[in-house]
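*Asks:* Protein chains in written order, with our numbering: chain A, 52 to 160; chain B, 607 to 720. This structure is in structure tokens; I'll ask about it shortly.
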């Protein structure tokens, strides 16, 4: 079955500490993965996608096919990083996105 | 204009009412989506329109009826809803259909069924 797992509902870190938001997937084909983010009182928006291999707002994510993971990382957390983060997998033969359950990141001062 | 707009922001309706949600985008996107999001849960896909034709219906009950009058507009007609249908309804659009394209989300309509 095609599935996205985010094991942490809530992750609290201190400002300046490293951040790692975990995402594991289950998919029989070649996966296409994304991270979407929702800041407080704002709409859901794309943060980054694995095929572009770019860094957005200091965040990076590497696809590890051996471990079926796509963890989101940032070396130094900032207060403005506090948000809900969703990992998403392209499924349905490429026709749709399936979202993980989300991780609420809270960056404390 | 690089936004997806949704109206109304909030809607309260009784189980016998008929109402509609509206979504609009002027980015020239050819795919539009309806998602349902319950509190503290991820968005769940309901419908996908591609080039104004319904391409995916995720086994949504018939009390939800989507409509795509033109490439910029997407409606969701509601009739005889149940209290458990109360949720945030999100509209999204993308350049073309398929999960590979970045989806641009609207702010949502918060629906309460009494």
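Positions of the beta carbon are idealized from the N, C-alpha and C atoms, including for glycine.
1) Distance, Cα to Cα, residue 33(A) vs residue 637(B)?
2) Tell me which residues of the segment 647 to 667 of chain B have at least one Cβ-Cβ distance to chain A shorter than 9 Å, keeping chain order.
3) Using 10 angstroms around the beta-carbon of residue 149(A), count the other beta-carbons present and answer buried if the total reaches 16, otherwise exposed.
4) When we look at the beta-carbon of residue 683(B) and count the other beta-carbons within 10 Å, is it buried (16 or more) or exposed?
5) Between residue 95(A) and residue 706(B), is the Cβ-Cβ spacing less than 9 Å?
6) So, does the CB of residue 137(A) fall closer than 9 Å to a CB anywhere in chain B?
7) State the CB to CB distance for the pair residue 78(A) and residue 53(A), rounded to an integer number of angstroms; the pair is presumed to be in contact (CB under 8 Å).
8) Determine whether the beta carbon atoms of residue 678(B) and residue 709(B) lie at a separation below 9 Å.
9) For the putative contact between residue 697(B) and residue 610(B), defined by C-beta atoms under 8 Å, what is the C-beta separation to the nearest angstrom?
10) In the structure shown, what three-state DSSP assignment does residue 755(B) receive?
11) State the Cα-Cα distance for the pair residue 641(B) and residue 670(B), rounded to the nearest angstrom.
12) Could one say the Cβ of residue 53(A) lies closer than 9 Å to chain B's Cβ atoms, at least one of them?
13) Using the rule of at least 16 other Cβ atoms within 10 Å of the residue's Cβ for burial, across every protein chain shown, is residue 112(A) buried or exposed?
14) Looking only at its own chain, which residues have a Cβ that is under 6 Å from the Cβ of residue 626(B), when we skip the five neighbours before and after it?
15) At which residues does the beta strand (DSSP E) containing residue 89(A) begin and terminate?
16) Can you tell me the Cα-Cα spacing of residue 76(A) and residue 137(A), whole angstroms?
17) On the DSSP letters alone, give me the boundaries of the beta strand (DSSP E) that residue 146(A) sits inside.
18) Kindly say whether residue 111(A), judged by its beta-carbon, lies nearer than 9 Å to any beta-carbon of chain B.
19) Of all the CB atoms in chain B, is at least one closer than 9 Å to the CB of residue 149(A)?
*Replies:* In this structure, then:
1) Nothing can be reported for residue 33(A), as the shown portion of chain A is limited to 52 through 160.
2) Interface annotation for the segment 647 to 667 of chain B against chain A: 647, 648, 649, 650, 651, 654, 656, 661, 662 and 664, criterion Cβ-Cβ distance under 9 Å.
3) Per the 10 Å Cβ criterion, buried.
4) So residue 683(B) counts as exposed.
5) Residue 706(B) is positioned such that its CB atom lies no closer than 9 Å to that of residue 95(A).
6) Using a CB distance cut-off of 9 Å, residue 137(A) counts as an interface residue toward chain B.
7) Between the beta-carbon of residue 78(A) and that of residue 53(A) there is about 5 Å, and that keeps the pair under the 8 Å contact cut.
8) For residue 678(B) and residue 709(B), no; Cβs fall outside 9 Å.
9) The C-beta distance from residue 697(B) to residue 610(B) rounds to 6 Å, short enough to fall under 8 Å.
10) For chain B, the structure presents residues 607 to 720; residue 755(B) sits outside this window and is missing.
11) Near 12 Å, if we compare the C-alpha coordinates of residue 670(B) and residue 641(B).
12) No, residue 53(A) does not count as interfacial toward chain B.
13) Only buried fits residue 112(A), as 16 or more other CB atoms lie within 10 angstroms of its CB.
14) A distance below 6 Å between beta-carbons, with the five flanking residues on each side excluded, links residue 626(B) to the following residues of its chain, in chain order: 681 and 683.
15) Per DSSP, the continuous beta strand (DSSP E) segment holding residue 89(A) begins and ends at 84 to 89.
16) When only Cα atoms are considered, residue 76(A) and residue 137(A) end up about 12 Å apart.
17) It is not in any beta strand (DSSP E) - residue 146(A) carries neither H nor E in the DSSP assignment.
18) Any Cβ of chain B closer than 9 Å to the Cβ of residue 111(A) would place that residue at the interface, and such an atom is absent.
19) So, interface residue.
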